[in-house]
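Enquirer: Would you mind keeping the following structure in view while I ask a few things?
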């Protein structure tokens, strides 16, 4: 992934932890710290355009009634009407306005994706920071558990968790979040290992800094940028995974307007009502591409 490649990977169990100076070679350049110029680079279109798209999608999720006046479950016209001035995305097999359902579906899909990213970010970062800061056997054990998670196919793991917890959007979000824990853990660990070997960390210890103060004031702040970029990247991945679970019938139950479920409901009418799958699919694709571009801009300083 883009964000992972920004971090220098170290061998699990090789470090002695954040125990003091002299634990390897490196400098501030390895920590992923941004200078003022790189932050100004985020004002480029490669950052602004995907940010606007994502903010617009979030606005759909937070206030769908502002963008669609009707009910997502009420019949708004004749069944299977083609897109028109009255029904921008057409109507579905029961006469519900598809545009309204797509707008309200943003609340289901994006909230679930945000929960999934939060689960992965919190637990993955906790594991990664613990492994990178403590080192030794703790590092080895935690990274072996991470390797086990990485060895399981993502879809298989998420399906297994959903089946265990039960169907529904919340459980799908938790399942998708668990699948991303290992990715966040690996990146967080590699960043902590890289930063802790920097000269400014050694200087902090030399000036009397404690383990906790150095970790909190120096290591963690200088390890954040790649993790934030990964979170943006994982948001797009989470939207895709949750939509996949909804498409397969493991997510929100009908008639909930969830993007994956909307695509699933239209697959029987591809030949006669193309809009049922095309518009929800386009919305998913646009939002996912926007999150990926946003991740690139954050992780790479917006140079692309």
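Residue numbers (the UniProt record's numbering): 1 to 304. From the three backbone atoms N, C-alpha and C, an ideal C-beta is built for every residue, glycine too.
1) DSSP three-state label for residue 94, please.
2) Can you tell me which residues form a DSSP beta bridge with residue 75?
3) Would you tell me roughly how many angstroms separate the C-alpha atoms of residue 118 and residue 235, rounded to the nearest one?
4) Three or more C-beta pairs closer than 8 angstroms, one from the region 239 to 253 and one from the region 159 to 172: is that the case here?
5) Report buried or exposed for residue 94, applying the criterion of at least 16 other Cβ atoms within 10 angstroms of its Cβ.
6) Looking at C-alpha atoms only, which residue of 215, 183, 187 is the closest neighbour of residue 198?
7) If contacts are defined as beta-carbon pairs under 8 angstroms, then residue 82 and residue 70 qualify, I think. What distance do you get, rounded to the angstrom?
8) By a C-beta neighbour count over all protein chains shown, 10 Å radius and 16 as the cutoff for buried, is residue 296 buried or exposed?
9) Hey, out of 104, 123, 261, 190, whose CA is closest to residue 72's CA?
10) Taking residue 294 as the reference, give the member of 267, 274, 259, 237 with the closest Cα.
11) What's the gap between the Cα of residue 188 and the Cα of residue 229?
12) Can you find the residues in the same chain that come closer than 6 angstroms, C-beta to C-beta, to residue 100, ignoring five residues on each side of it along the sequence?
13) State whether the region 118 to 132 contacts the region 176 to 187, with contact taken as three or more CB pairs (one from each stretch) at a distance under 8 angstroms.
14) DSSP on residue 22, reduced to helix/strand/coil?
15) How about residue 76 and residue 96: are their beta carbons less than 8 angstroms apart?
Expert: In terms of the structure at hand:
1) Three-state DSSP puts residue 94 in coil, outside helix and strand.
2) The partner list for residue 75 (beta bridge, DSSP) reads 96.
3) So the alpha carbons of these two residues sit roughly 9 angstroms apart.
4) Because the criterion of three Cβ pairs below 8 angstroms is met, the region 239 to 253 and the region 159 to 172 touch.
5) Exposed.
6) Ranked by Cα distance from residue 198, the first of 215, 183, 187 is 215.
7) Actually they are not in contact, since the Cβ atoms of residue 82 and residue 70 sit about 18 angstroms apart, beyond 8 angstroms.
8) Residue 296 is buried by the Cβ-count criterion.
9) Answer by Cα proximity: 104.
10) Nearest C-alpha to residue 294: 237.
11) One C-alpha to the other measures close to 12 angstroms.
12) For residue 100, where only same-chain residues beyond five positions count, the Cβ hits under 6 angstroms are 68, 70, 72.
13) Verdict: yes, contact present.
14) Any answer about residue 22 is weak, because its pLDDT of 40 lies below 50 and its placement is not dependable; what the coordinates show is given next. DSSP, reduced to helix, strand and coil, places residue 22 outside both helices and strands of the structure shown, so it counts as coil.
15) Against a cut-off of 8 angstroms, the Cβ pair of residue 96 and residue 76 comes out as a contact.
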